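Structure first, then comments.
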Amino acid sequence: MSPPPSSPATAPEASGVKWGLIASAIVTLVVVFWFYCFVDRFGHRNSLSALSWLLGTWQPRTDLEHGKFVPFLAIGLITYRFREIRQSIDQGSWIGVGAVAFGCLCYFAAYRTIQPRIAIVGLPFILCGIAYALYGWRVTKLVAFPLFLILGVIPVPSFQQATTELQLLATQMAYHGSALFGVETYTQGTTILPIKGDWKPLSIAHGCSGIRSLMALFMISAIWAYIAKISLWKKAVLFLSAIPLAILGNALRIISIFVIAEYGDAKWASTTWHDWSGLLLFYPISLFLLLVVHSVLEGGLPWRRTKKKKLIRRSVSGKANNDSEPS
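The working numbering numbers the first residue of the sequence shown as 1 and each following residue consecutively.
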């Protein structure tokens, strides 16, 4: 028996609800844009909006210079998966309204306490809630990561104080690593002094602790894990591997400075090479090691997989030849 025809009022009613949600989403976005960009409640003497405050924190003092690239990365990731997002469009849900309400509650809590960080935390909830209300869970799942990337570049109070341990670790790794190359040194706190060389003592300052490299590599590994077609636990391992890789890469960079100072030009090592070694040494090594970790998680090193494929082809080819021989 064929199902009874649907009521003629059903389609227009569903269409009306859909357009009502779209209109509500547009109004919500306009209101959110106004509050986040033009309400000067945050900052010194309440002279900054929430987004203006966030943009002002992306500077070397907070080790978040890469924050200015995050909006472009988010747009790029959504564009990268746009075809998949379009194919995942489903019926929306009123559950998204709850997420929007939570995001708005975060903003009003920030407004009352003059804590712009809380307002920024609420922004991705508002945007994801709108996506959920209009297009359902599958679309929200695809856009959630790009939208929540902004949480990784919100400055945390007193976070810079945590770099002291990293400075001490970098000092010890540089001290022992330099000894492997015959550079004899001794340490005083976070300062490394030569025993035989004539170069001036070099201090492992806040910027050399590796915190900037760690934050940047965290962002890179997070995006890498998002794009990688591996299981969830492997994505987590790939993301967390940024911690030891950043520490190791930063130690190699500092060791190279001491080795050049000992055997080459000390002034050039402490100025030009110090400024450029991050770009020329740290990131190539760290990204290569990140690629190795990804390859292992995906199923072995690339050159081993190639060798295995060749062996399989040879075995298949040999079997085909044996089958073709007359008995």
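For every residue, glycine included, the Cβ atom is placed at its ideal position computed from N, Cα and C. These numbers were taken from a predicted model, which means no experiment stands behind them.
Check, Outcome
"Applying the 10 Å Cβ sphere with the 16-neighbour rule, what's the burial state of Gln167?", "buried"
"With a threshold of 6 Å on Cβ separation, who are the neighbours of Tyr111 within its own chain once the five nearest residues in sequence on each side are excluded?", "Arg41"
"Within a Cβ cutoff of 6 Å, which residues of the same chain sit near Leu54, ignoring the five residues on either side of it in sequence?", "Ile120"
"Measuring straight from C-alpha to C-alpha, what distance separates Val139 and Gly264?", "56 Å"
"Rank Lys235, Pro60 and Ile204 by C-alpha distance to the C-alpha of Ala174 and give the top, closest one.", "Ile204"
"Where do the ends of the beta strand (DSSP E) carrying Gln188 lie?", "Thr185 to Gln188"
"Leu48 by DSSP, collapsed to three states: which one?", "strand"
"Measuring only the C-alpha atoms, how far is Leu127 from Val100?", "7 Å"
"Alpha helix (DSSP H) containing Ile120: first to last residue?", "Pro116 to Tyr135"
"Excluding five sequence neighbours on each side, which residues of the same chain lie with their C-beta closer than 7 Å to the C-beta of Glu298?", "Ile230"
"What is the rounded straight-line gap between the Cα of Thr79 and the Cα of Cys106?", "28 Å"
"If I'm right that Ser49 touches Phe38 with Cβ under 8 Å, what's the distance once you round it to whole angstroms?", "6 Å"
"Span of the alpha helix (DSSP H) holding Pro284?", "Tyr283 to Gly299"
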